[in-house]
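When the count follows full-length UniProt numbering, it moves up by one through the sequence shown with no breaks and lands on 395 for the last residue.
Heads up, the beta-carbon is just placed ideally off N, CA and C, and yes, glycines get one too.
For reference, the structure discussed in these notes is given below.
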Amino acid sequence: MAAKFALGSEPVAGSLAPSKKREYRVTNRLQEGKRPLYAIVFNFIDSRYFNVFATVGGNRVTVYQCLEGGVIAVLQSYIDEDKDESFYTASWACNVDGNPFLVAGGINGIMRVIDCGSEKIDKSFVGHGDSINEIRTQPLKSSLVVSASKDESVRLWNVHTGICILIFAGAGGHRNEVLSVDFHPSDIYRIASCGMDNTVKIWSMKEFWTYVEKSFTWTDLPSKFPTKYVQFPVFIASIHTNYVDCNRWLGDFLLSKSVDNEIVLWEPKMKEQSPGEGTVDILQKYPVPECDIWFIKFSYDFHYNAAAIAPFSAVVRTGLFGAGMPWKILKAYPSGYIGMNFAFYVIKYATHFGFSISPVMFNSQCTLRARMVCALMEEVKPSLVEEILLAPWAY
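Written out as C-alpha coordinates, the structure reads:
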(Lines of atoms letter the chains of each structure in order from A and count residues from 1; the text may use other names and numbers.)
(Lines give C-alpha, C1' and ligand atoms only; values in the text may rest on other atoms or scores of the structure.)
Protein backbone atom coordinates (compact mmCIF):
# COMPACT_ATOMS: atom_id res chain seq x y z
CA MET A 1 0.00 0.00 0.00
CA ALA A 2 1.47 3.31 -1.09
CA ALA A 3 1.89 6.17 1.37
CA LYS A 4 -0.72 8.89 1.41
CA PHE A 5 -0.13 12.61 1.37
CA ALA A 6 -0.51 14.22 4.77
CA LEU A 7 -2.95 17.07 5.33
CA GLY A 8 -1.34 20.46 5.11
CA SER A 9 1.55 19.15 3.06
CA GLU A 10 0.94 21.27 -0.03
CA PRO A 11 4.30 21.74 -1.74
CA VAL A 12 5.96 25.10 -2.18
CA ALA A 13 7.45 25.78 -5.59
CA GLY A 14 11.08 26.87 -5.66
CA SER A 15 11.36 30.46 -6.85
CA LEU A 16 13.53 31.91 -9.61
CA ALA A 17 14.81 34.69 -7.38
CA PRO A 18 18.34 35.95 -8.13
CA SER A 19 21.13 34.33 -6.20
CA LYS A 20 24.88 34.55 -5.94
CA LYS A 21 26.62 33.34 -9.07
CA ARG A 22 29.21 30.63 -8.66
CA GLU A 23 32.48 31.31 -10.41
CA TYR A 24 34.27 28.62 -12.38
CA ARG A 25 36.66 28.24 -15.28
CA VAL A 26 37.46 25.55 -17.81
CA THR A 27 40.63 23.65 -16.92
CA ASN A 28 40.67 20.83 -19.45
CA ARG A 29 38.64 18.81 -21.90
CA LEU A 30 38.82 15.16 -22.86
CA GLN A 31 37.18 12.90 -25.39
CA GLU A 32 37.22 9.11 -25.24
CA GLY A 33 36.62 7.53 -28.60
CA LYS A 34 33.22 7.88 -30.24
CA ARG A 35 30.94 6.00 -27.83
CA PRO A 36 29.00 7.95 -25.19
CA LEU A 37 30.17 8.03 -21.58
CA TYR A 38 27.44 7.07 -19.16
CA ALA A 39 29.05 7.69 -15.79
CA ILE A 40 31.69 9.81 -14.10
CA VAL A 41 32.48 9.20 -10.45
CA PHE A 42 35.12 10.66 -8.13
CA ASN A 43 36.69 8.53 -5.42
CA PHE A 44 35.04 9.85 -2.25
CA ILE A 45 35.87 6.65 -0.35
CA ASP A 46 39.56 7.27 0.34
CA SER A 47 40.94 10.76 0.95
CA ARG A 48 44.27 9.66 -0.55
CA TYR A 49 42.56 9.52 -3.93
CA PHE A 50 40.39 12.62 -3.66
CA ASN A 51 41.54 13.79 -7.09
CA VAL A 52 40.95 10.47 -8.85
CA PHE A 53 37.85 9.82 -10.92
CA ALA A 54 36.62 7.14 -13.31
CA THR A 55 34.49 7.13 -16.43
CA VAL A 56 32.52 4.29 -18.01
CA GLY A 57 31.03 3.96 -21.44
CA GLY A 58 30.85 1.23 -24.01
CA ASN A 59 32.98 -1.69 -22.84
CA ARG A 60 35.63 0.61 -21.36
CA VAL A 61 36.40 1.76 -17.80
CA THR A 62 39.03 4.49 -17.45
CA VAL A 63 40.61 5.93 -14.30
CA TYR A 64 41.99 9.48 -14.31
CA GLN A 65 43.81 11.77 -11.90
CA CYS A 66 43.48 15.55 -11.70
CA LEU A 67 46.91 17.16 -11.49
CA GLU A 68 48.06 20.73 -10.93
CA GLY A 69 47.51 23.25 -13.67
CA GLY A 70 44.35 21.59 -14.93
CA VAL A 71 46.21 18.55 -16.25
CA ILE A 72 44.27 15.28 -16.30
CA ALA A 73 46.31 12.08 -16.50
CA VAL A 74 45.10 8.60 -17.46
CA LEU A 75 46.05 6.16 -14.71
CA GLN A 76 44.39 2.94 -15.83
CA SER A 77 42.06 1.68 -18.54
CA TYR A 78 40.10 -1.57 -18.67
CA ILE A 79 38.36 -3.00 -21.72
CA ASP A 80 35.76 -5.71 -21.20
CA GLU A 81 36.26 -8.90 -23.18
CA ASP A 82 32.71 -8.56 -24.53
CA LYS A 83 32.77 -5.82 -27.16
CA ASP A 84 28.97 -5.53 -26.91
CA GLU A 85 29.09 -4.64 -23.21
CA SER A 86 27.92 -1.12 -22.41
CA PHE A 87 28.69 0.05 -18.89
CA TYR A 88 26.00 2.34 -17.44
CA THR A 89 27.20 2.87 -13.90
CA ALA A 90 30.20 2.75 -11.58
CA SER A 91 30.92 3.21 -7.90
CA TRP A 92 34.09 3.35 -5.82
CA ALA A 93 34.39 0.90 -2.92
CA CYS A 94 37.14 -0.87 -0.97
CA ASN A 95 37.83 -4.19 0.68
CA VAL A 96 38.44 -4.59 4.41
CA ASP A 97 42.15 -3.96 3.84
CA GLY A 98 41.40 -0.56 2.34
CA ASN A 99 42.37 -1.42 -1.24
CA PRO A 100 40.57 0.82 -3.74
CA PHE A 101 37.94 -1.03 -5.77
CA LEU A 102 35.91 0.26 -8.69
CA VAL A 103 32.64 -1.58 -9.36
CA ALA A 104 31.07 -1.21 -12.81
CA GLY A 105 27.97 -2.68 -14.41
CA GLY A 106 25.78 -2.27 -17.43
CA ILE A 107 23.78 -3.89 -20.17
CA ASN A 108 25.07 -7.46 -19.63
CA GLY A 109 24.00 -7.52 -15.97
CA ILE A 110 27.51 -8.51 -14.82
CA MET A 111 29.30 -6.43 -12.19
CA ARG A 112 33.05 -6.11 -12.64
CA VAL A 113 35.01 -5.44 -9.45
CA ILE A 114 38.31 -3.83 -10.41
CA ASP A 115 41.17 -3.74 -7.91
CA CYS A 116 42.78 -0.44 -8.88
CA GLY A 117 45.70 -1.10 -6.54
CA SER A 118 46.82 -4.25 -8.35
CA GLU A 119 45.36 -3.08 -11.68
CA LYS A 120 43.32 -6.21 -12.38
CA ILE A 121 39.79 -7.58 -12.25
CA ASP A 122 39.30 -8.89 -8.73
CA LYS A 123 35.83 -10.41 -9.08
CA SER A 124 32.83 -10.63 -11.39
CA PHE A 125 29.37 -10.72 -9.84
CA VAL A 126 26.77 -12.70 -11.77
CA GLY A 127 23.25 -12.68 -10.38
CA HIS A 128 21.08 -10.09 -12.06
CA GLY A 129 18.96 -11.35 -14.92
CA ASP A 130 19.15 -8.13 -16.91
CA SER A 131 21.03 -4.85 -17.23
CA ILE A 132 22.29 -2.94 -14.19
CA ASN A 133 21.12 0.67 -14.01
CA GLU A 134 22.88 1.90 -10.89
CA ILE A 135 25.48 0.86 -8.31
CA ARG A 136 25.96 2.65 -5.00
CA THR A 137 28.36 2.14 -2.09
CA GLN A 138 27.39 2.06 1.58
CA PRO A 139 28.97 5.26 3.01
CA LEU A 140 29.47 3.79 6.48
CA LYS A 141 30.75 0.37 5.38
CA SER A 142 32.37 0.77 1.99
CA SER A 143 32.80 -2.95 1.26
CA LEU A 144 29.05 -3.10 0.69
CA VAL A 145 27.49 -2.06 -2.60
CA VAL A 146 23.92 -2.19 -3.82
CA SER A 147 22.80 -2.60 -7.42
CA ALA A 148 19.52 -1.70 -9.15
CA SER A 149 18.52 -3.71 -12.19
CA LYS A 150 16.12 -4.01 -15.07
CA ASP A 151 15.19 -7.43 -13.65
CA GLU A 152 13.01 -5.62 -11.04
CA SER A 153 15.38 -6.38 -8.17
CA VAL A 154 17.91 -4.63 -5.94
CA ARG A 155 20.83 -6.67 -4.63
CA LEU A 156 23.29 -6.13 -1.77
CA TRP A 157 26.85 -7.36 -2.36
CA ASN A 158 30.04 -7.69 -0.35
CA VAL A 159 32.95 -6.73 -2.63
CA HIS A 160 35.49 -8.20 -0.19
CA THR A 161 34.10 -11.73 -0.21
CA GLY A 162 32.11 -11.67 -3.46
CA ILE A 163 28.85 -12.61 -1.76
CA CYS A 164 25.34 -11.61 -2.75
CA ILE A 165 23.86 -11.03 0.70
CA LEU A 166 20.31 -9.82 0.13
CA ILE A 167 17.86 -9.56 -2.76
CA PHE A 168 15.17 -6.90 -2.46
CA ALA A 169 12.37 -8.31 -4.61
CA GLY A 170 9.21 -10.34 -4.37
CA ALA A 171 5.64 -9.77 -3.26
CA GLY A 172 6.19 -6.15 -2.22
CA GLY A 173 8.98 -5.36 -4.64
CA HIS A 174 9.14 -3.27 -7.77
CA ARG A 175 6.89 -4.23 -10.66
CA ASN A 176 9.12 -2.89 -13.39
CA GLU A 177 12.70 -1.86 -14.04
CA VAL A 178 14.55 -0.44 -10.99
CA LEU A 179 16.36 2.70 -12.13
CA SER A 180 17.98 4.10 -9.00
CA VAL A 181 18.97 3.16 -5.47
CA ASP A 182 20.65 4.97 -2.59
CA PHE A 183 21.94 4.24 0.91
CA HIS A 184 20.78 6.41 3.80
CA PRO A 185 23.77 8.57 4.88
CA SER A 186 23.52 7.72 8.59
CA ASP A 187 21.03 4.84 9.01
CA ILE A 188 23.16 1.88 7.96
CA TYR A 189 20.12 -0.38 7.60
CA ARG A 190 18.10 1.72 5.18
CA ILE A 191 18.04 2.11 1.41
CA ALA A 192 15.65 3.75 -1.05
CA SER A 193 14.91 2.54 -4.57
CA CYS A 194 12.75 3.77 -7.42
CA GLY A 195 11.88 2.79 -10.95
CA MET A 196 9.53 2.38 -13.85
CA ASP A 197 6.59 1.39 -11.64
CA ASN A 198 6.41 5.09 -10.61
CA THR A 199 7.14 4.32 -6.95
CA VAL A 200 9.84 5.00 -4.38
CA LYS A 201 10.35 2.14 -1.93
CA ILE A 202 12.27 2.32 1.35
CA TRP A 203 13.77 -0.93 2.56
CA SER A 204 15.23 -1.94 5.91
CA MET A 205 18.04 -4.46 6.42
CA LYS A 206 17.82 -4.41 10.21
CA GLU A 207 16.21 -7.84 10.54
CA PHE A 208 18.76 -9.32 8.13
CA TRP A 209 21.87 -7.64 9.48
CA THR A 210 23.28 -10.88 10.90
CA TYR A 211 23.64 -12.08 7.30
CA VAL A 212 25.51 -8.91 6.41
CA GLU A 213 27.94 -9.53 9.26
CA LYS A 214 28.23 -13.19 8.31
CA SER A 215 29.23 -12.22 4.76
CA PHE A 216 32.51 -10.75 6.05
CA THR A 217 33.63 -13.98 7.73
CA TRP A 218 32.27 -16.47 5.18
CA THR A 219 35.01 -18.88 4.07
CA ASP A 220 33.04 -21.26 1.85
CA LEU A 221 32.16 -20.62 -1.78
CA PRO A 222 30.11 -17.44 -2.32
CA SER A 223 27.48 -19.51 -4.14
CA LYS A 224 26.82 -21.46 -0.93
CA PHE A 225 26.05 -18.37 1.13
CA PRO A 226 22.42 -18.33 2.41
CA THR A 227 21.31 -15.29 0.42
CA LYS A 228 18.03 -13.93 1.77
CA TYR A 229 15.09 -12.28 0.03
CA VAL A 230 13.67 -9.07 1.44
CA GLN A 231 10.19 -9.13 -0.05
CA PHE A 232 8.50 -6.21 1.66
CA PRO A 233 9.65 -2.59 1.91
CA VAL A 234 8.94 -0.61 5.06
CA PHE A 235 7.55 2.29 3.04
CA ILE A 236 6.08 2.85 -0.42
CA ALA A 237 5.47 6.29 -1.90
CA SER A 238 3.80 7.32 -5.14
CA ILE A 239 5.21 10.82 -5.44
CA HIS A 240 5.36 10.87 -9.23
CA THR A 241 2.98 9.80 -11.99
CA ASN A 242 5.69 8.58 -14.35
CA TYR A 243 9.03 6.77 -14.22
CA VAL A 244 11.11 7.73 -11.17
CA ASP A 245 14.66 7.62 -12.46
CA CYS A 246 16.62 9.00 -9.50
CA ASN A 247 16.29 9.25 -5.73
CA ARG A 248 18.82 10.50 -3.19
CA TRP A 249 18.67 10.82 0.58
CA LEU A 250 19.21 14.26 2.10
CA GLY A 251 19.37 13.43 5.78
CA ASP A 252 16.02 11.79 6.52
CA PHE A 253 14.42 13.55 3.55
CA LEU A 254 14.40 12.33 -0.03
CA LEU A 255 14.93 14.12 -3.31
CA SER A 256 13.42 12.35 -6.31
CA LYS A 257 12.71 13.16 -9.92
CA SER A 258 10.70 11.87 -12.82
CA VAL A 259 10.15 13.25 -16.33
CA ASP A 260 8.11 16.26 -15.21
CA ASN A 261 10.88 18.88 -15.32
CA GLU A 262 11.11 19.05 -11.55
CA ILE A 263 12.84 17.58 -8.51
CA VAL A 264 10.72 16.95 -5.44
CA LEU A 265 11.92 17.21 -1.83
CA TRP A 266 9.75 15.17 0.51
CA GLU A 267 9.70 13.55 3.91
CA PRO A 268 8.54 9.95 4.44
CA LYS A 269 6.60 9.43 7.66
CA MET A 270 6.45 5.75 8.39
CA LYS A 271 4.14 3.86 10.70
CA GLU A 272 6.25 1.62 12.87
CA GLN A 273 3.39 -0.81 13.49
CA SER A 274 2.28 -0.96 9.85
CA PRO A 275 5.22 -1.63 7.51
CA GLY A 276 4.68 -0.24 4.03
CA GLU A 277 2.20 2.36 5.19
CA GLY A 278 2.56 5.98 6.19
CA THR A 279 2.22 9.50 4.90
CA VAL A 280 4.31 11.82 2.76
CA ASP A 281 5.00 15.50 3.31
CA ILE A 282 6.03 17.16 0.07
CA LEU A 283 8.19 20.09 1.13
CA GLN A 284 9.35 21.62 -2.14
CA LYS A 285 9.12 21.21 -5.89
CA TYR A 286 11.92 22.66 -7.97
CA PRO A 287 11.54 23.34 -11.70
CA VAL A 288 14.31 21.84 -13.82
CA PRO A 289 13.92 22.77 -17.50
CA GLU A 290 14.71 20.24 -20.22
CA CYS A 291 14.44 17.26 -17.87
CA ASP A 292 11.47 15.58 -19.52
CA ILE A 293 13.57 12.60 -20.65
CA TRP A 294 13.97 9.67 -18.28
CA PHE A 295 17.34 8.37 -17.06
CA ILE A 296 18.71 11.81 -16.20
CA LYS A 297 20.06 11.68 -12.66
CA PHE A 298 21.44 13.99 -10.01
CA SER A 299 23.86 13.80 -7.10
CA TYR A 300 25.68 15.80 -4.43
CA ASP A 301 29.25 16.98 -4.13
CA PHE A 302 31.63 15.75 -1.44
CA HIS A 303 30.43 18.13 1.29
CA TYR A 304 26.71 18.02 0.46
CA ASN A 305 27.00 21.72 -0.40
CA ALA A 306 25.95 21.24 -4.00
CA ALA A 307 23.89 18.98 -6.17
CA ALA A 308 24.17 18.50 -9.90
CA ILE A 309 21.80 17.42 -12.62
CA ALA A 310 22.38 17.33 -16.34
CA PRO A 311 22.39 19.67 -18.09
CA PHE A 312 22.82 21.99 -15.09
CA SER A 313 24.75 22.11 -11.84
CA ALA A 314 22.86 23.09 -8.73
CA VAL A 315 24.38 24.69 -5.65
CA VAL A 316 22.68 23.49 -2.47
CA ARG A 317 23.25 25.08 0.93
CA THR A 318 21.80 23.47 4.03
CA GLY A 319 20.65 25.21 7.19
CA LEU A 320 17.75 25.96 9.48
CA PHE A 321 15.73 28.15 7.17
CA GLY A 322 12.13 28.48 6.15
CA ALA A 323 10.58 27.69 2.81
CA GLY A 324 13.02 29.71 0.72
CA MET A 325 14.76 27.40 -1.73
CA PRO A 326 15.32 29.53 -4.84
CA TRP A 327 16.49 28.16 -8.16
CA LYS A 328 18.26 30.56 -10.48
CA ILE A 329 18.63 29.50 -14.09
CA LEU A 330 21.72 31.23 -15.41
CA LYS A 331 21.78 29.84 -18.90
CA ALA A 332 20.08 26.96 -20.62
CA TYR A 333 22.30 24.18 -21.85
CA PRO A 334 22.58 24.20 -25.66
CA SER A 335 20.18 21.71 -27.20
CA GLY A 336 21.66 18.83 -29.13
CA TYR A 337 24.67 18.21 -26.86
CA ILE A 338 24.35 14.53 -26.12
CA GLY A 339 26.60 11.50 -26.05
CA MET A 340 30.27 12.26 -26.46
CA ASN A 341 29.91 16.04 -26.59
CA PHE A 342 28.04 16.00 -23.32
CA ALA A 343 30.55 13.63 -21.79
CA PHE A 344 33.58 15.86 -22.14
CA TYR A 345 31.61 18.85 -20.86
CA VAL A 346 30.76 16.81 -17.79
CA ILE A 347 34.40 15.83 -17.30
CA LYS A 348 35.56 19.44 -17.56
CA TYR A 349 33.31 20.78 -14.88
CA ALA A 350 33.17 17.67 -12.73
CA THR A 351 36.92 17.72 -12.32
CA HIS A 352 36.85 21.40 -11.40
CA PHE A 353 34.01 21.26 -8.88
CA GLY A 354 34.53 17.72 -7.55
CA PHE A 355 31.13 16.49 -8.73
CA SER A 356 30.42 12.84 -9.49
CA ILE A 357 27.96 13.33 -12.31
CA SER A 358 26.89 12.09 -15.72
CA PRO A 359 23.90 12.01 -18.06
CA VAL A 360 22.94 8.61 -16.70
CA MET A 361 24.39 8.18 -13.24
CA PHE A 362 25.53 10.71 -10.66
CA ASN A 363 27.38 8.85 -7.99
CA SER A 364 28.30 10.22 -4.60
CA GLN A 365 29.51 8.05 -1.74
CA CYS A 366 32.12 8.50 0.93
CA THR A 367 32.87 7.07 4.34
CA LEU A 368 34.60 10.26 5.48
CA ARG A 369 31.92 12.50 4.03
CA ALA A 370 29.13 10.48 5.58
CA ARG A 371 30.69 10.82 9.02
CA MET A 372 31.10 14.56 8.51
CA VAL A 373 27.50 14.94 7.40
CA CYS A 374 26.18 12.83 10.26
CA ALA A 375 28.12 14.93 12.77
CA LEU A 376 26.83 18.10 11.18
CA MET A 377 23.24 16.91 11.15
CA GLU A 378 23.39 15.84 14.77
CA GLU A 379 24.44 19.38 15.63
CA VAL A 380 22.32 21.40 13.22
CA LYS A 381 19.53 19.08 12.03
CA PRO A 382 18.63 21.13 8.96
CA SER A 383 14.95 20.90 8.10
CA LEU A 384 15.18 22.43 4.66
CA VAL A 385 17.70 23.28 2.02
CA GLU A 386 18.34 27.00 1.97
CA GLU A 387 19.27 27.57 -1.61
CA ILE A 388 19.67 25.84 -4.94
CA LEU A 389 21.37 27.60 -7.81
CA LEU A 390 21.44 26.32 -11.36
CA ALA A 391 24.56 26.96 -13.41
CA PRO A 392 25.26 26.04 -17.04
CA TRP A 393 27.35 23.31 -18.56
CA ALA A 394 28.74 25.61 -21.23
CA TYR A 395 31.96 27.34 -22.17
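Item: Hey, Val159 and Asn95 are a contact pair by Cβ (cut 8 Å); roughly how many whole angstroms apart?; Value: 6 Å
Item: Residues in its own chain within less than 7 Å of Ser223 by CB, not counting five upstream and five downstream?; Value: none
Item: State the Cα-Cα distance for the pair Gly336 and Cys291, rounded to the nearest angstrom.; Value: A caution first: Gly336 carries a pLDDT of 31, below 50, which makes its placement in the model unreliable, though a value can still be read off. Rounded to the nearest angstrom, the two C-alpha atoms are 13 Å apart.
Item: Could you pull the start and end residues of the alpha helix (DSSP H) that Phe216 belongs to?; Value: Trp209 to Thr217
Item: My assumption, with CB atoms under 8 Å, is that Phe183 sits in contact with Val230. Please give the rounded CB distance.; Value: Incorrect: roughly 14 Å between the Cβ atoms, too far for contact.
Item: Please name the residue in Asp82, Ser180 and Pro185 whose C-alpha comes closest to that of Asp245.; Value: Ser180
Item: Just the Cα atoms here: how many angstroms apart are Glu85 and Glu134?; Value: 15 Å
Item: Assign Gly162 to one of three DSSP states: helix, strand, or coil.; Value: coil
Item: With DSSP collapsed to three states, give me the class of Glu68.; Value: helix
Item: Which same chain residues end up closer than 7 Å to Asn51 when comparing Cβ atoms and leaving out the 5 residues on each side of it in sequence?; Value: Gln65 and Cys66
Item: By DSSP, does Ser193 sit in helix, in strand, or in coil?; Value: strand
Item: May I ask you to report which of helix, strand or coil DSSP gives Ser124?; Value: strand
Item: So, are the CB atoms of Phe53 and Phe42 less than 7 Å apart?; Value: yes
Item: Report, in whole angstroms, the separation of the C-beta atoms of Ile191 and Trp203, which I expect to be a contact under 8 Å.; Value: 5 Å
Item: Tell me Gly57's beta-bridge partners as DSSP assigns them.; Value: Arg60
Item: Please classify Arg155: is it buried, with 16 or more other beta-carbons within 10 angstroms of its beta-carbon, or exposed?; Value: buried
Item: Pick out whichever of Ile167, Ser256 and Lys206 has its Cα sitting closest to the Cα of Asn198.; Value: Ser256
Item: Just confirm the distance between the C-beta atoms of Ile309 and Phe298, as a whole number of angstroms; I'd bet it's less than 8 Å.; Value: 4 Å
Item: Hey, is Phe87 close to the ligand SAM, as in C-beta under 6 Å from one of its heavy atoms?; Value: Because no ligand of any kind appears in the structure shown, any question about the ligand SAM cannot be addressed here.
Item: Do you know how far the Cα of Glu272 is from the Cα of Asp82?; Value: 47 Å
Item: How many whole angstroms separate the CB atoms of Gly57 and Phe101, which I take to be in contact at a CB cut-off of 8 Å?; Value: That belief does not hold up - the Cβ atoms of Gly57 and Phe101 are roughly 19 Å apart, past 8 Å.
Item: Taking only three categories from DSSP, how would you classify Arg48?; Value: helix
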